[in-house]
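Right, one structure below, let's go through it.
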Amino acid sequence: ITTILPSIIAVCGVNVSTLTNPCYYYYVAATGTWSARKNCASVADYRNNWVKMVDHPSDKTAAMITHSSNSDLTQVQRWTGSSWGNVCVLTENYKSDSYRSSDLAYERVRGNLMAVYQDDADTAWDQDPQYRYFDGTTWSDQASIVCGGGDEPTFIRLAAKPGGDELVMVYCDESEDAFAAVWNGTTQTWGNVVALTTATGTTTAECIAVAYESLTGRCLVFYSEDDTEPRYRIWDGANWGAETLALDTG
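Basically the working numbering = 1-based index in the sequence shown + 242.
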């Protein structure tokens, strides 16, 4: 669900084999009413196991990324303010219905859109996250965020810096590795890759998280280590801090 003032859009994947697209409801605060269920753009031939939506920082548009379980599709479509469309197929080779191996984020000043996702193509780069970047008009070609992991990404998370065009991505993979990387909105490149751990202790759980501090602009990435104490590191805009233990979760 996302808020696009003065309205709210709620999107849901419908588990019915005859429906080929997610659906949405549109709430107008001025009238206090929800619309009837409407269809988003058609994205696949079966249900969508994962749906994520993000709102543009300065206008009434939004974007949504979906995984379709029957055709291994990861796709993005955009909300124009009145309808869904502009579908972009990111990959037809995502790894598994069990993993949310993609995410979306808008740069908070320029408003350009970043999609990061796993592509299980039979090539060497399927072990690194892939990305495409929408500048408001055109999607970039697919490229790799080279992290040096040992296996395909399973869960991917993005966070956008308040008041800036920086992004931080964190992911874990099937070899129990976790990595983070930083998007420089000025140079439009990924870098400052850090290997967080080689022992998350799980291959099936989303054992990572990322968030910016609103006032300082620092970014925290959390990840599991193969024990009861989660760890975190802080990106201060120039360097990664040392690994630090969070509270013991038992």
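Think of the CB as a built atom: it goes at the ideal place given N, C-alpha and C, for glycine as much as any other residue.
Treat the numbers as computed from the prediction; the structure is a model and nothing was measured.
Handout entry: C-beta contact flag for D362 and E408 at 8 Å
Key = no
Exercise for the section: Write down every uninterrupted run of the alpha helix (DSSP H) in the segment 258-346 whose length is 4 residues or greater and which is fully enclosed by it, in chain order. Expected result: Qualifying alpha helix (DSSP H) stretches: none in this window.
Exercise for the section: Starting from the C-beta of R342, find all residues in its chain whose C-beta is less than 6 Å away, skip the five residues before and the five after it, and write them out in chain order. Expected result: W292 and F397
Practice task
Under the assumption that D412 contacts V463 (Cβ atoms under 8 Å), give the Cβ distance between them as a whole number of angstroms.
Solution key: Reading off the sequence, residue 412 comes out as Val, not Asp. Going by Cβ atoms, the distance from V412 to V463 rounds to 5 Å, so yes, they are a contact pair.
Practice task
Report the rounded CA-to-CA distance for L489 versus T322, giving the unit in angstroms.
Solution key: 43 Å
Exercise for the section: Could you tell me the distance, in whole angstroms, from the CA atom of L452 to the CA atom of Y375? Expected result: Before going further, note that residue 452 is Val rather than Leu in the sequence given. Answer to the nearest angstrom: the Cα atoms are 20 Å apart.
Handout entry: Unbroken beta strand (DSSP E) run spanning G433, endpoints
Key = Unbroken beta strand (DSSP E) run through G433: T431 to T439.
Problem - For R473 and L355, the rounded distance between their alpha carbons - result: 29 Å
Practice task
Could you work out which residue in R352, P371, C265 and S340 is closest to H298 when comparing CA atoms only?
Solution key: Residue R352 is the option with its Cα nearest to H298.
Problem - Spatial neighbours of W381 in its chain, beta-carbon cut-off 6 Å, leaving aside the 5 residues before and after - result: C330 and R374
Exercise for the section: Can you give me the start and stop residues for the beta strand (DSSP E) that N426 sits inside? Expected result: A420 to N426 is the extent of the beta strand (DSSP E) around N426.
Practice task
Give me the Cα-Cα distance between T442 and S338, rounded to the nearest whole angstrom.
Solution key: 19 Å
Practice task
Enumerate in chain order the residues of its own chain whose CB-to-CB distance from E334 is below 6 Å, with the five nearest sequence positions on each side excluded.
Solution key: Excluding its 5 nearest sequence neighbours in each direction, E334 has C-beta neighbours in its own chain below 6 Å: D314 and L315, listed in chain order.
Exercise for the section: Tell whether a beta-carbon distance below 8 Å holds between Q360 and S386. Expected result: no
Practice task
With DSSP as the reference, label Q372 as helix, strand or coil.
Solution key: strand
Practice task
Would you decide whether S227 is buried or exposed? Buried here means 16 or more other CB atoms lie within 10 Å of its CB.
Solution key: The question about residue 227 has no answer, for the chain in this structure spans 243 to 492.
Practice task
May I ask you to list the residues that DSSP assigns as paired with C461?
Solution key: Y454 and W477
Problem - Endpoints, the beta strand (DSSP E) within which R399 is located - result: Judged by DSSP secondary structure, R399 falls within the beta strand (DSSP E) whose first and last residues are P395 to A402.
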